[in-house]
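*Asks:*
Residue numbers (my numbering): 1296 to 1768.
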């Protein structure tokens, strides 16, 4: 998710804001595809071979990257379909995932696209309009649009003066440690796959920025959340972010041979382990003040990413907790569901709070009411991959059921959506949620095609663990 795993009170998140702004509250619910009688898909959907589903997912990532062909060769992928209401926003986290998913596919064309996205992240590092310290922002604009107030945003990713187009309209101007970590993980994977030193240099700059700006000596330790758009440090410390750093710092240690990264990895890992609740078999979300652990809500990704990064038998029960406590089944008869009649999707929701969402109230102003059983497809893919990594009894069958649900969603949900006003390829790209979903962290997910969800699907389907230190080769 890489959202707000440190607190449940304020709306500082990749999908809301890290500075001042409107955030993802502008998202609106939309069409979830056409219904098929008695739940039966067309033959082409139900009989599609797995590799066909993979190809269509890659085609969506390509379309999301090429949505604005008249605005230069340096491009990032637009994170969501236009219908989500975030216009041309490209989140750093989603683009890091796209790089990793394209590497997972292991074709020459996919690798070329991964390299291109990596170079765009390096360009953003080198051409920030304000800072020259190696940071990446939460999100960027990658194409022109007219904002809700009638103001025109005319530029692509690279402005006329050569600086990158930071996503200021929504307040996506801050820098989160988790976003940076994922970008560093992706650049490290590119360095390992291609041997190109520029990617390693970029990853090291990210790691050093995190060390300077995130390291804390508070009682619970670890690395803090990052900075807002005004460059003020945020007080939260996230289990999820520190899990990301276990991978990033370990990868930098191996790629550079510098042992200082192992010490930094140990600091992040120790924080993660302090969040373990042995009695319940799950990880807490983090801390607001560095002293007290937040005990609610409990998110899905701190259960699955921890397994992918730590590969710890002592903590593998977290996957069972997520599969049991966050399981949902969404269909048209559910209250507030937007799933077409005759279809159903199973998986997991975002957090323990999602299951308790107030179905009588909108998720946010001008937003639809939530469906407590909405499937979070990104998290469903996390879980599928983690189960495959664990190799326990029945894990592969459980993972395959989740992947089947993801592929059915790609076939049937999110029809007639666009990027940059251009129609997306049919049956290509996974929507972020089956129905409007309240995360419990101040933002929601909706049935729009999403780079992040699609990338995680590809990694789960190809058994590519992006959080393993040696991944990417």
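All C-beta atoms in this analysis are idealised placements derived from N, C-alpha and C, irrespective of residue type, glycine included.
Excluding the five sequence neighbours on either side, which residues of its own chain have a C-beta within less than 6 Å of the C-beta of residue 1453, listed in chain order?
*Replies:* Excluding positions up to five away in sequence, the list reads 1367, 1369.
*Asks:* Report yes or no: do three or more beta-carbon pairs, one from the segment 1678–1685 and one from the segment 1704–1716, lie closer than 8 Å?
*Replies:* Touching, no, given that fewer than three Cβ pairs across the two stretches are closer than 8 Å.
*Asks:* Can you confirm whether the segment 1538–1548 touches the segment 1494–1507 when touching is taken to mean that 3 or more C-beta pairs between the two stretches lie within less than 8 Å?
*Replies:* They touch, by the three-pair rule.
*Asks:* Which same chain residues, not among the five before or five after residue 1475, have their C-beta less than 8 Å away from its C-beta?
*Replies:* If we look at residue 1475 and ignore the five residues flanking it on each side, its Cβ neighbours are 1387, 1430, 1431, 1501, 1504, 1505, 1521.
*Asks:* Could you tell me which residues DSSP puts in a beta bridge with residue 1236?
*Replies:* One cannot answer for residue 1236 here, as it falls past the ends of the chain, which runs 1296 to 1768.
*Asks:* In angstroms, rounded to a whole number, what distance separates the CA positions of residue 1509 and residue 1494?
*Replies:* Roughly 22 Å between the two C-alpha positions.
*Asks:* By a C-beta neighbour count over all protein chains shown, 10 Å radius and 16 as the cutoff for buried, is residue 1488 buried or exposed?
*Replies:* Buried, by the Cβ-count rule.
*Asks:* At 3 residues or longer, and completely inside the segment 1350–1413: list those beta strand (DSSP E) runs for me, N to C.
*Replies:* The segment 1350–1413 contains these whole beta strand (DSSP E) runs: 1384–1386.
*Asks:* Please work out which residues of its chain come closer than 7 Å, Cβ to Cβ, to residue 1478, disregarding the five sequence neighbours upstream and downstream, and give them in chain order.
*Replies:* So the list reads 1387, 1391, 1416, 1431, 1501, once near-sequence residues are dropped.
*Asks:* Would you be able to state if there are at least three C-beta pairs under 8 Å between the segment 1732–1741 and the segment 1709–1716?
*Replies:* In short, these stretches do not touch, since the Cβ pair count stays below three.
*Asks:* Spatial neighbours of residue 1335 within its chain, please: CB distance less than 6 Å, with the 5 preceding and 5 following residues excluded, ordered by chain position.
*Replies:* Model confidence at residue 1335 stands at a pLDDT of 34, short of 50, so the residue's coordinates are unreliable; what they give is reported in the following sentence. Counting only Cβ-Cβ distances below 6 Å, and skipping sequence neighbours, we find nothing.
*Asks:* Could you name the residues that DSSP lists as bridge partners for residue 1533?
*Replies:* Looking at the DSSP assignment, residue 1533 forms a beta bridge with 1581.
*Asks:* Along the chain, where does the beta strand (DSSP E) that runs through residue 1639 open and close?
*Replies:* It spans 1639–1643 - the beta strand (DSSP E) in which residue 1639 sits, taken as one unbroken run.
*Asks:* Just to confirm, are residue 1600 and residue 1643 a CB contact at a threshold of 9 Å?
*Replies:* Contact flag unset, no.
*Asks:* Expressed to the nearest angstrom, what Euclidean distance is found between the alpha-carbon atoms of residue 1459 and residue 1467?
*Replies:* One C-alpha to the other measures close to 13 Å.
*Asks:* Identify, in the order they occur along the chain, each residue of the same chain with its Cβ nearer than 7 Å to the Cβ of residue 1576, setting aside the five sequence neighbours on each side.
*Replies:* Once the five neighbours on either side are set aside, the close Cβ partners of residue 1576 are 1612, 1613, 1615, 1616.
*Asks:* Can you give me the start and stop residues for the beta strand (DSSP E) that residue 1625 sits inside?
*Replies:* Residues 1622–1626.
*Asks:* In chain order, what residues of the same chain have a beta carbon less than 7 Å from the beta carbon of residue 1728, not counting five sequence neighbours either side?
*Replies:* The answer, listed in chain order, is 1669, 1670, 1671, 1672, 1740, 1741, 1742.
*Asks:* In the DSSP assignment, the beta strand (DSSP E) including residue 1436 goes from what residue to what residue?
*Replies:* Unbroken beta strand (DSSP E) run through residue 1436: 1434–1436.
*Asks:* Tell me, please, whether the segment 1562–1571 touches the segment 1632–1641 by the rule of three or more beta-carbon pairs shorter than 8 Å.
*Replies:* No, they do not touch.
*Asks:* Contact defined as beta carbons within less than 8 Å: I believe residue 1485 pairs with residue 1410. What is the distance between those atoms, to the nearest angstrom?
*Replies:* The pair is a contact, with the Cβ atoms about 6 Å apart (cut-off 8 Å).
*Asks:* Helix, strand or coil: how does DSSP classify residue 1716 here?
*Replies:* Of the three classes helix, strand and coil, the one that applies to residue 1716 here is coil, per DSSP.
*Asks:* Which stretch, first to last residue, makes up the alpha helix (DSSP H) that contains residue 1562?
*Replies:* First-last of the alpha helix (DSSP H) with residue 1562: 1555–1569.
*Asks:* Per the DSSP calculation, residue 1734 is bridged to which residue(s)?
*Replies:* Beta-bridge pairing links residue 1734 to no other residue.
*Asks:* Residues bridged to residue 1440 by DSSP?
*Replies:* 1448.
*Asks:* What's the C-alpha gap between residue 1483 and residue 1662?
*Replies:* Between residue 1483 and residue 1662, the C-alpha separation is close to 38 Å.
*Asks:* Sort 1598, 1347, 1405, 1651 by Cα distance to residue 1580 and report the nearest one.
*Replies:* Checked all of 1598, 1347, 1405, 1651; the closest Cα to residue 1580 is 1598.
*Asks:* Which residue or residues does DSSP assign as beta-bridge partners of residue 1470?
*Replies:* The partner list for residue 1470 (beta bridge, DSSP) reads 1522.
*Asks:* Taking Cβ to Cβ, would you say residue 1399 is nearer than 9 Å to residue 1753?
*Replies:* Yes; because the gap between Cβ atoms is below 9 Å, this pair is in contact.
*Asks:* Excluding the 5 residues preceding and the 5 following residue 1760 in the sequence, name in chain order all residues of the same chain whose CB lies nearer than 7 Å to its CB.
*Replies:* Excluding positions up to five away in sequence, the list reads 1603, 1680, 1684, 1766.
*Asks:* If we ignore side chains and look at the alpha-carbon of each, how far apart do residue 1394 and residue 1481 end up?
*Replies:* Roughly 6 Å separates the two Cα atoms.
*Asks:* Around the Cβ of residue 1382, are there at least 16 other Cβ atoms within 10 angstroms (buried) or fewer (exposed)?
*Replies:* Buried, because 16 or more other Cβ atoms sit within 10 Å of the Cβ of residue 1382.
*Asks:* Rounded to the nearest angstrom, what separates residue 1665 and residue 1548 at their Cα positions?
*Replies:* So the alpha carbons of these two residues sit roughly 43 Å apart.
*Asks:* Quick one, which of 1507, 1637, 1674 has its alpha-carbon nearest residue 1647's?
*Replies:* Nearest option by C-alpha distance: 1674.
*Asks:* Give the single residue among 1375, 1358, 1722 whose Cα lies nearest to the Cα of residue 1745.
*Replies:* Taking only the C-alpha atoms, the option nearest residue 1745 is 1375.
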